[in-house]
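Accompanying notes for the structure given below.
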Amino acid sequence: MGLFRVSAHLTGPTGQNETVELLVDTGATFLVVPRALAERLELRPTRMCPIQTAGGRKETWPMAEVRLRLDGQEVTTPCLIAAEGPALLGAVALESLLLAADPVARRLVPVEGFVGSSPPRSPVHRAA
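So the sequence shown is numbered by my numbering: it starts at 152 and just counts up by one.
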């Protein structure tokens, strides 16, 4: 899949915010930011998350929450804090925004949400 970048706005819990370029990586589960950016946003890790890197290493990284604004949509999403490297836009954030990657056009496209099951239909009431 071709990788591409998108511009997004991140806001931490104290209101610190920054516009950043995110590398769209549908192979990544979560949004990932490097530690330096997390510190500028004053992100507060709430737990440690076991992860596996693309190279196969198993590590444990801090996880926080961040407000993400992209393409006119805004959500609060989990965010892994990496020691270094590029900021990544992963699958959970994309799905929360109802967006998908179009690797050929190198852009994000809107998608519909999906529900695996639907509630039972109510019986049809007929007038006598």
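Ideal placement from N, C-alpha and C gives every residue a C-beta, glycine not left out.
| query | result |
| --- | --- |
| Opening and closing residue of the alpha helix (DSSP H) in which residue 245 lies | 242 to 247 |
| Euclidean distance between Cα positions of residue 262 and residue 235 | 31 Å |
| Beta-carbon proximity list for residue 260, same chain, < 6 Å, skipping 5 on both sides | 251 and 253 |
| Coarse secondary structure for residue 186, derived from DSSP in three states | helix |
| Secondary structure of residue 156, DSSP reduced to three states | strand |
| Cβ distance (whole Å) where residue 248 is taken to contact residue 221 below 8 Å | 6 Å |
| Coarse secondary structure for residue 191, derived from DSSP in three states | helix |
| Residue 213 versus residue 179 - alpha carbon distance | 15 Å |
| Opposing strand residues paired with residue 255 [DSSP bridges] | Its beta-bridge partners do not exist; DSSP assigns none. |
| Nearest-angstrom Cα separation, counted from residue 155 out to residue 188 | 20 Å |
| Residue 219 and residue 194 closer than 8 Å at C-beta | no |
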